[in-house]
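Numbering (the numbering used here), first residue to last: 20 to 195.
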Amino acid sequence: MNKLKLSTYIAAEDLQKKVNEMGATLTKKFKDKKAIAVCVLKGSFVFYSDLIRSIDTDITCEFFGVSSYQGNTQSSGEVKVTLDLSVPIEGEHVILIEDIVDTGITMNYLKASLLARKPKSLTTVALLEKPEALKVPCEIDLVGFKIPNDFVVGYGLDYQGYYRNLPYIAQVQNFQ
Ligand code: 5GP
């Protein structure tokens with residue numbers, strides 16, 4: 020693989036600080052309630068694993084696999100389900116945890132798919148949002164960072180499958 024030139028976009032300590040704040044907000048919201056925390060695979064797994072450890076209330080973990088970029092830097096606009104939830108969510112509080120909202124197509128697809136299963140409530144969370152890239156209206160209940168329309172990797176986000184293991188978020192400097 021050609022090595023990409025990366026520059027730090029959001030440092031590991033800033034991510035950790037933000038994730039702890041988001042966890043505290045969710046702890047307050049779901050105090051004395053139980054909820055199902057849904058991780059959107061693959062990109063959210065690092066953020067998700069940090070976030071759930073900063074939520075201090077009763078949660079169970081579920082995984083929903085979707086693919087819209089198929090390893091590239093442009094959304095295909097088509098959402099493919101690669102793994103469905105393993106339990107029904109009817110009557111449950113659900114927290115949907117996404118890595119990044121770009122065009123908004125994936126988040127809207129996920130919301131529609133989960134709401135059709137009649138949860139008691141649905142709270143949407145995204146670590147990153149690119150407001151300039153939105154192609155469809157998309158409201159998110161809790162957003163970590165709003166960023167410009169740049170392609171980023173790390174902290175779970177990939178380029179052609181790589182860079183998910185970077186502990187920080189980086190911008191790619193040398194795309195042709
Ligand atoms: P959307 O449907 O909002 O266009 O795209 C959402 C999905 O595209 C995200 O869950 C993520 O997997 C991928 N994505 C969007 N922007 C980026 C980005 O800047 N970097 C990476 N690695 N993936 C992105």
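Glycine residues also receive a C-beta, built at the ideal position from the N, C-alpha and C atoms.
Buried or exposed by the 16-neighbour rule on C-beta atoms within 10 Å, applied to residue i
{"i": "T101", "result": "exposed"}
{"i": "T142", "result": "buried"}
{"i": "A131", "result": "exposed"}
{"i": "V6", "result": "With the chain covering only 20 through 195, there is no way to say anything about residue 6."}
{"i": "S63", "result": "buried"}
{"i": "C157", "result": "buried"}
{"i": "V106", "result": "exposed"}
{"i": "A43", "result": "exposed"}
{"i": "T30", "result": "Checking the sequence, you will find Ala at residue 30 rather than Thr. Label assigned to A30: exposed."}
{"i": "E32", "result": "exposed"}
{"i": "L176", "result": "buried"}
{"i": "L45", "result": "buried"}
{"i": "A135", "result": "exposed"}
{"i": "E111", "result": "buried"}
{"i": "E117", "result": "buried"}
{"i": "D69", "result": "buried"}
Proximal residues to residue i (C-beta, below 6 Å), its chain only, five neighbours per side dropped
{"i": "Q190", "result": "S26, Y28, D169 and V171"}
{"i": "Y182", "result": "V172 and G173"}
{"i": "I119", "result": "L147"}
{"i": "V162", "result": "A145 and E148"}
{"i": "I188", "result": "Y28, I29, V171, G173 and Y174"}
{"i": "C80", "result": "A56"}
{"i": "P186", "result": "A31"}
{"i": "K52", "result": "H112"}
{"i": "D67", "result": "For the record, residue 67 in the displayed sequence is Tyr; it is not Asp. Answer for Y67: C58 and I116, listed in chain order."}
Proximal residues to residue i (C-beta, below 8 Å), its chain only, five neighbours per side dropped
{"i": "V85", "result": "V59, L60, V98, K99, V100, T101, T125, Y128 and L129"}
{"i": "P150", "result": "K165"}
{"i": "K50", "result": "T76"}
Close-in-space but distant-in-sequence residues of the same chain around residue i (CB under 7 Å, 5 per side omitted)
{"i": "D160", "result": "T142, T143 and V144"}
{"i": "I108", "result": "I55, L133, R136 and P138"}
{"i": "L23", "result": "Y178, V191 and N193"}
{"i": "I71", "result": "A56, I78 and C80"}
List, from N- to C-terminal side, the beta strand (DSSP E) runs of 3 residues or more that fit wholly inside the stretch 30-101.
53-60 and 77-86
- Check whether the stretch 166-175 touches the stretch 133-142, counting contact only when three or more Cβ pairs, one atom from each stretch, lie closer than 8 Å. no
At 4 residues or longer, what runs of the alpha helix (DSSP H) sit wholly inside the stretch 92-171? 124-134
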